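In this note's numbering, the protein residues as written are 20 to 263.
Note that the Cβ used here is the ideal one computed from N, Cα and C, for glycine as well.
Quick caveat: nothing in here was measured; it's all calculated off a predicted structure.
What follows is a set of notes on a single structure, which appears directly below.
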Ligand SMILES: N[C@@H](CCC(=O)N[C@@H](CS)C(=O)NCC(=O)O)C(=O)O
């Protein structure tokens with residue numbers, strides 16, 4: 020059995036989608052990011068970056084401990100290798116998937132994550148954020164353009180449907196909130212609609228939907244917990260959690 024430490028956000032969905040696609044049994048452990056579950060000593064032990072998703076695979080025990088993996092890209096590769104699905108192991112197909120997976124975790128994800136910050140959360144903080152918001156929206160737009168050109172030549176990012184598509188899809192779902200007209204990227208639109216119609220994807224993005232709160236406002240305590248993190252504040256937060 021796999022434990023999935025999860026919150027219903029695009030990074031969490033990558034893994035719930037993959038688990039559903041592979042038909043693996045898993046147990047969801049909700050991580051309440053607004054309350055600071057990501058700073059508890061137990062969580063930091065498996066996720067030193069204080070971020071979810073994380074998995075613990077109880078079927079793979081090493082030195083009497085089940086293996087744990089943090090970082091969504093690493094988890095996707097692990098699950099793909101475990102099941103032999105969605106990540107071809109022959110060249111050049113394998114390298115194509117790696118390229119697009121790393122493109123997602125190093126580019127599309129972080130840039131879309133910043134767009135999300137400026138659209139959803141920055142209005143809670145004083146100051147003029149317009150330059151920063153535009154900077155990230157432009158970059159998101161550029162990356163959608165990159166996808167669109169590639170998807171003009173093939174159905175999926177790396178050829179066949181793969182972990183690269185599962186990683187990228189969640190970060191396209193919020194296009195409306197980011198004020199993007201997806202019809203301007205007709206190949207991305209076709210790819211998006213195709214992936215969205217997959218039963219496993221639909222099931223994956225439903226996981227934990229009862230605790231989703233995008234766009235519904237965020238409490239002052241949650242804002243304080245989630246933003247303004249720096250090296251010192253993380254240590255303090257972790258210490259506070261240790262005392263409880
Ligand atoms: N590079 C990480 C990013 C994960 C990430 O940013 N997770 C966010 C939620 S989408 C998180 O756990 N945030 C907790 C916090 O900001 O304290 C991955 O791909 O797994």
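- Relative to ligand 1, even the nearest heavy atom lies 7 Å or more away from the CB of residue 115.
- Sixteen is the threshold: since fewer than 16 other Cβ atoms of the shown chains lie within 10 Å of the Cβ of residue 243, the residue is exposed.
- Assignment of alpha helix (DSSP H) within the stretch 50 to 114, counting only whole runs of 4 or more residues, yields 60 to 65 and 91 to 102 in chain order.
- By the Cβ criterion, the stretch 123 to 137 is not in contact with the stretch 69 to 77, since fewer than three pairs of Cβ atoms, one from each stretch, lie closer than 8 Å.
- Within the model, the alpha-carbon separation for residue 177 versus residue 261 is close to 44 Å.
- Residue 186 and residue 192 have their C-alpha atoms roughly 12 Å apart.
- For residue 22 and residue 211, the gap between their C-alpha atoms comes out near 28 Å.
- Per the C-alpha coordinates, the member of 128, 107, 62 and 68 positioned closest to residue 250 is 68.
- For the pair residue 37 and residue 120, the CB atoms are not nearer than the 8 Å cut-off.
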